[in-house]
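A short write-up of the structure that comes next.
Number of protein chains: 4
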Amino acid sequence: MADSPEEIWASNVDAVLIASSTNTHADLLSGAIQAGKAIYCEKPVDLDINRVKAVVQQAQQTNQPILVGFSRRFDSNHLGIREALRNGEIGKWEMMHITARDPKPPALSYIKISGGQYRDQTIHFFDMLRWLAGEDPIEVYAAGEALVDPAIGEAGDVDTSMLILKFVSGALCHINCSRRADYGYDERVELFGSKGMAVSRRKPRREVTLYKGNAVVSDGLHPGWFERMEPTFYQALDALIRTIEGEKVEYPTLMDGLKAQMIAEAAVESLRTNQPVKITYWSPE
Amino acid sequence: MADSPEEIWASNVDAVLIASSTNTHADLLSGAIQAGKAIYCEKPVDLDINRVKAVVQQAQQTNQPILVGFSRRFDSNHLGIREALRNGEIGKWEMMHITARDPKPPALSYIKISGGQYRDQTIHFFDMLRWLAGEDPIEVYAAGEALVDPAIGEAGDVDTSMLILKFVSGALCHINCSRRADYGYDERVELFGSKGMAVSRRKPRREVTLYKGNAVVSDGLHPGWFERMEPTFYQALDALIRTIEGEKVEYPTLMDGLKAQMIAEAAVESLRTNQPVKITYWSPE
Amino acid sequence: MADSPEEIWASNVDAVLIASSTNTHADLLSGAIQAGKAIYCEKPVDLDINRVKAVVQQAQQTNQPILVGFSRRFDSNHLGIREALRNGEIGKWEMMHITARDPKPPALSYIKISGGQYRDQTIHFFDMLRWLAGEDPIEVYAAGEALVDPAIGEAGDVDTSMLILKFVSGALCHINCSRRADYGYDERVELFGSKGMAVSRRKPRREVTLYKGNAVVSDGLHPGWFERMEPTFYQALDALIRTIEGEKVEYPTLMDGLKAQMIAEAAVESLRTNQPVKITYWSPE
Amino acid sequence: MADSPEEIWASNVDAVLIASSTNTHADLLSGAIQAGKAIYCEKPVDLDINRVKAVVQQAQQTNQPILVGFSRRFDSNHLGIREALRNGEIGKWEMMHITARDPKPPALSYIKISGGQYRDQTIHFFDMLRWLAGEDPIEVYAAGEALVDPAIGEAGDVDTSMLILKFVSGALCHINCSRRADYGYDERVELFGSKGMAVSRRKPRREVTLYKGNAVVSDGLHPGWFERMEPTFYQALDALIRTIEGEKVEYPTLMDGLKAQMIAEAAVESLRTNQPVKITYWSPE
Numbered sequence: 148m149a150d151s152p153e154e155i156w157a158s159n160v161d162a163v164l165i166a167s168s169t170n171t172h173a174d175l176l177s178g179a180i181q182a183g184k185a186i187y188c189e190k191p192v193d194l195d196i197n198r199v200k201a202v203v204q205q206a207q208q209t210n211q212p213i214l215v216g217f218s219r220r221f222d223s224n225h226l227g228i229r230e231a232l233r234n235g236e237i238g239k240w241e242m243m244h245i246t247a248r249d250p251k252p253p254a255l256s257y258i259k260i261s262g263g264q265y266r267d268q269t270i271h272f273f274d275m276l277r278w279l280a281g282e283d284p285i286e287v288y289a290a291g292e293a294l295v296d297p298a299i300g301e302a303g304d305v306d307t308s309m310l311i312l313k314f315v316s317g318a319l320c321h322i323n324c325s326r327r328a329d330y331g332y333d334e335r336v337e338l339f340g341s342k343g344m345a346v347s348r349r350k351p352r353r354e355v356t357l358y359k360g361n362a363v364v365s366d367g368l369h370p371g372w373f374e375r376m377e378p379t380f381y382q383a384l385d386a387l388i389r390t391i392e393g394e395k396v397e398y399p400t401l402m403d404g405l406k407a408q409m410i411a412e413a414a415v416e417s418l419r420t421n422q423p424v425k426i427t428y429w430s431p432e
Numbered sequence: 148m149a150d151s152p153e154e155i156w157a158s159n160v161d162a163v164l165i166a167s168s169t170n171t172h173a174d175l176l177s178g179a180i181q182a183g184k185a186i187y188c189e190k191p192v193d194l195d196i197n198r199v200k201a202v203v204q205q206a207q208q209t210n211q212p213i214l215v216g217f218s219r220r221f222d223s224n225h226l227g228i229r230e231a232l233r234n235g236e237i238g239k240w241e242m243m244h245i246t247a248r249d250p251k252p253p254a255l256s257y258i259k260i261s262g263g264q265y266r267d268q269t270i271h272f273f274d275m276l277r278w279l280a281g282e283d284p285i286e287v288y289a290a291g292e293a294l295v296d297p298a299i300g301e302a303g304d305v306d307t308s309m310l311i312l313k314f315v316s317g318a319l320c321h322i323n324c325s326r327r328a329d330y331g332y333d334e335r336v337e338l339f340g341s342k343g344m345a346v347s348r349r350k351p352r353r354e355v356t357l358y359k360g361n362a363v364v365s366d367g368l369h370p371g372w373f374e375r376m377e378p379t380f381y382q383a384l385d386a387l388i389r390t391i392e393g394e395k396v397e398y399p400t401l402m403d404g405l406k407a408q409m410i411a412e413a414a415v416e417s418l419r420t421n422q423p424v425k426i427t428y429w430s431p432e
Numbered sequence: 148m149a150d151s152p153e154e155i156w157a158s159n160v161d162a163v164l165i166a167s168s169t170n171t172h173a174d175l176l177s178g179a180i181q182a183g184k185a186i187y188c189e190k191p192v193d194l195d196i197n198r199v200k201a202v203v204q205q206a207q208q209t210n211q212p213i214l215v216g217f218s219r220r221f222d223s224n225h226l227g228i229r230e231a232l233r234n235g236e237i238g239k240w241e242m243m244h245i246t247a248r249d250p251k252p253p254a255l256s257y258i259k260i261s262g263g264q265y266r267d268q269t270i271h272f273f274d275m276l277r278w279l280a281g282e283d284p285i286e287v288y289a290a291g292e293a294l295v296d297p298a299i300g301e302a303g304d305v306d307t308s309m310l311i312l313k314f315v316s317g318a319l320c321h322i323n324c325s326r327r328a329d330y331g332y333d334e335r336v337e338l339f340g341s342k343g344m345a346v347s348r349r350k351p352r353r354e355v356t357l358y359k360g361n362a363v364v365s366d367g368l369h370p371g372w373f374e375r376m377e378p379t380f381y382q383a384l385d386a387l388i389r390t391i392e393g394e395k396v397e398y399p400t401l402m403d404g405l406k407a408q409m410i411a412e413a414a415v416e417s418l419r420t421n422q423p424v425k426i427t428y429w430s431p432e
Numbered sequence: 148m149a150d151s152p153e154e155i156w157a158s159n160v161d162a163v164l165i166a167s168s169t170n171t172h173a174d175l176l177s178g179a180i181q182a183g184k185a186i187y188c189e190k191p192v193d194l195d196i197n198r199v200k201a202v203v204q205q206a207q208q209t210n211q212p213i214l215v216g217f218s219r220r221f222d223s224n225h226l227g228i229r230e231a232l233r234n235g236e237i238g239k240w241e242m243m244h245i246t247a248r249d250p251k252p253p254a255l256s257y258i259k260i261s262g263g264q265y266r267d268q269t270i271h272f273f274d275m276l277r278w279l280a281g282e283d284p285i286e287v288y289a290a291g292e293a294l295v296d297p298a299i300g301e302a303g304d305v306d307t308s309m310l311i312l313k314f315v316s317g318a319l320c321h322i323n324c325s326r327r328a329d330y331g332y333d334e335r336v337e338l339f340g341s342k343g344m345a346v347s348r349r350k351p352r353r354e355v356t357l358y359k360g361n362a363v364v365s366d367g368l369h370p371g372w373f374e375r376m377e378p379t380f381y382q383a384l385d386a387l388i389r390t391i392e393g394e395k396v397e398y399p400t401l402m403d404g405l406k407a408q409m410i411a412e413a414a415v416e417s418l419r420t421n422q423p424v425k426i427t428y429w430s431p432e
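Protein chains in written order, with the numbering used here: chain A, 148 to 432; chain B, 148 to 432; chain C, 148 to 432; chain D, 148 to 432.
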């Protein structure tokens, strides 16, 4: 056990896992990068996009693996539809639909420092859409309201949103996000293309069904994102470890973290102005 | 409108539909056959198998179409799994499972004259298994109880049964029958073979689902066999009419009616003796 | 059989069904209204919204039933989710998602005179969202592309669209429309609310499933909108007839037709300008 | 690492896991029981039922936990339907249906020493039906054939079976077993009762669906029983450990192992004679 990050940088551990509060990520990343450690860093890198750019710039000089915690990329259902697209099963993709609904909102105290729904919740899906599509969106239009809890609105945030993102190819992506689903953690993706459609379906807790009266009642969804996504954390850690061991493995990088945040920034602007906003990307020198 | 069957036999109608009480079927069939009418006759032909044989024998001299009301042969789901078998999709069939459950039993007064569960309810599925398999079972073992209503037991009948039927090929068929399903009319078939399995799934009333709390609640089954099977009656009538018009159409014949009843007789004997019983078939001269 | 509309107006028929080409609807409606006939008129009333207003204005003086052909209102699955909302099952609605994809586009010659995707295809769903929500949208943002066929784009139309509509309550509605789905006619609706979610699921042709290799293959969707929606036409006609007979029945009216078109006009403008557009409604004097 | 069982008995380990070949189980159990170890023993205890009785008799003097490897009792889907019955959701159970199909048969060399399909494969489901029903069957009728591989028949065994088991209450249980399912490891249970039906559905590998052409193709079943049942092994080990730690936990005991085998013996006899056979149970003194 170390008393400070510096002890860890000086030690001979191969990798570090950064899962502390968001405002500590950038400094810890910087230290770990300088120390040459492999890194697993929970999202976001930082709420201030300039700090993120700084870390990305710093990481340019190094080549240790840095994995940002977009673990949904390791979900077997989502991997399944990505394969279907890559294998040509659905042809050229034309429309993507992502549903992302948490069972309940975070505490108001957290919401106030979270950066808002798009930087905190939807950011996972800005990453997911890039990973699925294999291309970066160029424009976003966001509509959002505080329907779940007016206090969220008073805090300057929204809890119910719909977004449309455009791509160079003309393809369109829709994301809907809610901070409250009465029926559990709801995540579902449809990828529609010229030759078919692939769906990452809602995953039930169990495959148990009761036939009673005039209804057919099945087990519902998971009570939270962790229960639904638990295996992805093991898969993500495994990806980092296998990379350290020399295997060529796909994983979400710092640049992926930055791009997701740049989309989030444009979405925040779109919500503010009720206008579609072009997404500008930045690359390190 | 006619005052008597004889008026109908003498008239110039092309076809008659016999849907009167069972004990009138054999005589009406006999008259209609003699009159050269095409016939749709509700099952069963008669509860006395010798009377059925007599009608079959009589029909040997004629060639007008006589369709016995096993309308499930026209159900699109059941047709679908039959196609899968005929197309070689599932290879050689090895096991068949038929579930047949009514929402509630008929009136006790009807049960007492019905001939019992196997001659009245299961007989549809003795026909269905022959139609699906394309071969006749050679032996049957039946287990049955009066679990729904002791009065049914006191009347000498059963309301909950399981049967196993054997075939020359070695293939096995299981039927389960109940006179009461709390959740609606339940009919489902699985055809398992050397290359796969085809399922005629439970058909819901609608495709409506509610996600609420920790459950996923979908519309249930139909409230009765008629609601579930309504289109099959139109298809069956249509098959008769198209046959009259000269088209070559498959439909359940008097001989199919007789064979289903011979299986029923063996099943009744098996239940009585708690022994497997060989099924003997009879052909007209 | 009549040789002209005038003969029909002068006859003693109670009702007329207008299913001729769109450019004849307004005149025929006008004549039928004047003649006091009950009317079933296929959508749209007219591509020129001013003509529609004129007919609506004219109908103000009368009270015969005039049903506009938005027959999806009679689909049992859609009715099911509307009931769930009206019964309070899902609480206050917050997000609605409508998927509407035709198997293939209409002929280019038709597309050129159709008024475009929003006036021709999406208009059914502008009506559906009003009928489901029980309120009128106040703003719409549309994104659309010609991804299926460049010729459609050259003709000034789109074939792949996503729209977001806003409501006074803050609720949001998303519609996605495509003129081509490789896998059949695809129509699906999700109604998400404060207490749950109701889904009008994709309806399969049959309930037949094949287990083979490492896949589970079920029958797919219907080959076209008519096969999927056939029963709704009978239900719609039945609604008109029952209304004529004095029963109080819900059905889509001329005003519903007009409102759907006003939403379509705003959507067309939004697509043209890539701006959200406020929807203004008009009422007759 | 120990060189012999005796070293293990003499050591201070709290528990042993016996997963060696079947013919070693009885001796190892005896030694472990004598040594006072807690035990996890893979099924079966022994193919010779008298040896099983001897071990059960010996274990009567002791009270350490002895868990027999019927790990399906820990499957969350099966637990779900057992809860539904225990909670009164489906009323009094009347019919149970168990489907159990392996992707492919074991090696012929194994089959020859396995004791046959009922002692080797179906035995898991003899245990499962007791665990679900909460009562012991009193009679069994078995029908079986070698349809998958004639060599299995030549070895005196069967690979395709249907069984009906009767209970004092009148309830009926059907099991179907196959040594070969083209489409993966297939395990499914239906519990039908006076107030409804609970189903432990087929569990797919993933929740991924492809809509293409006229079909809807979903991921299929698991490639083997281990992949399907993996979590149950952890749950079963966990049950033993928690018992050792003093918690009151349900698990399958030696007596459960014996009873399953007694049912298997009666099933073997029934197959041999083509007669229903009463199941006699034995209790240790």
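We put the CB at the ideal spot given by N, CA and C, even for glycine.
A quick note: this is a predicted structure, and the numbers were derived from the prediction, not measured.
{"Check": "Residues of chain C with a CB under 9 Å from the CB of P433 (chain D): which are they?", "Outcome": "There is no way to answer for residue 433 (chain D), as the model of chain D reaches only from 148 to 432."}
{"Check": "Pick out the complete beta strand (DSSP E) segments inside the region 164 to 215 of chain C, 3 residues or longer, and give them in chain order.", "Outcome": "185 to 188 and 213 to 215"}
{"Check": "For Q264 (chain A), which of A:Q204, A:M402 and A:R327 has the nearest alpha-carbon?", "Outcome": "A:R327"}
{"Check": "Under 9 Å Cβ-Cβ, which residues of chain C neighbour M344 (chain B)?", "Outcome": "T356, L357, Y358 and K359"}
{"Check": "Below 8 Å between beta carbons: does that hold for G183 (chain D) and Q205 (chain D)?", "Outcome": "no"}
{"Check": "Using beta carbons (cut-off 8 Å, strictly below), is G371 (chain C) in contact with chain D?", "Outcome": "no"}
{"Check": "Measure the C-alpha to C-alpha separation of G235 (chain A) and M242 (chain A) and round it to an integer number of angstroms.", "Outcome": "15 Å"}
{"Check": "Whose Cβ in chain A lies nearer than 8 Å to the Cβ of N224 (chain D)?", "Outcome": "R353, E354 and V355"}
{"Check": "Out of C:E282, C:D296, C:M148 and C:S223, which one is the CA nearest neighbour of R352 (chain B)?", "Outcome": "C:S223"}
{"Check": "Measuring alpha carbon to alpha carbon, tell me which residue in A:L368, A:L294 and A:R348 is nearest V355 (chain A).", "Outcome": "A:L368"}
{"Check": "Starting from R419 (chain C), trace the alpha helix (DSSP H) in both directions and tell me its first and last residue.", "Outcome": "L401 to T420"}
{"Check": "Helix, strand or coil for I322 (chain B) per DSSP?", "Outcome": "strand"}
{"Check": "If you compare alpha carbons, which of D:I391, D:Y257 and D:I270 is closest to I186 (chain D)?", "Outcome": "D:I391"}
{"Check": "Determine the direct distance from the alpha carbon of S261 (chain A) to that of S277 (chain A), and round the result to whole angstroms.", "Outcome": "The sequence shown places Arg at residue 277 (chain A), rather than the Ser named in the question. Rounded to whole angstroms, R277 (chain A) to S261 (chain A) spans 22 Å at the Cα level."}
{"Check": "Do you know whose CA, among A:A362, A:S151, A:P370 and A:V363, lies nearest G360 (chain B)'s CA?", "Outcome": "A:P370"}
{"Check": "Since Q268 (chain D) and D296 (chain D) should fall inside the 8 Å C-beta cutoff, what is the C-beta to C-beta distance between them, to a whole number of angstroms?", "Outcome": "Going by Cβ atoms, the distance from Q268 (chain D) to D296 (chain D) rounds to 14 Å, so no, they are not a contact pair."}
{"Check": "Measure the alpha-carbon distance for A293 (chain B) versus D304 (chain B) and round it to whole angstroms.", "Outcome": "7 Å"}
{"Check": "Starting from the beta carbon of K313 (chain C), find every residue of chain A whose beta carbon is closer than 8 Å, and list them in chain order.", "Outcome": "A290"}
{"Check": "Cα-Cα, which of C:K251, C:A201 and C:R219 is closest to E189 (chain C)?", "Outcome": "C:R219"}
{"Check": "Looking only at C-alpha atoms, which of C:Y358, C:L214 and C:A254 sits nearest to M331 (chain D)?", "Outcome": "In the sequence as presented, Met is not what sits at residue 331 (chain D); that position holds Gly. Out of C:Y358, C:L214 and C:A254, C:Y358 has the C-alpha closest to the C-alpha of G331 (chain D)."}
{"Check": "Relative to the C-alpha of A345 (chain B), which residue among B:L232, B:A166, B:V199 and B:D174 is closest?", "Outcome": "B:L232"}
{"Check": "Who are the neighbours of S347 (chain D) on chain A, taking C-beta pairs under 9 Å?", "Outcome": "R353, E354, V355 and T356"}
{"Check": "Could you spell out where the alpha helix (DSSP H) holding K259 (chain C) opens and where it closes?", "Outcome": "L255 to I260"}
{"Check": "Starting from A231 (chain C), find everything on chain B with Cβ-Cβ shorter than 8 Å and list it in chain order.", "Outcome": "V355 and L357"}
{"Check": "When the distance is taken between beta carbons, is V203 (chain D) closer than 8 Å to L405 (chain D)?", "Outcome": "yes"}
{"Check": "According to DSSP, simplified to helix, strand and coil, what is W156 (chain B)?", "Outcome": "helix"}
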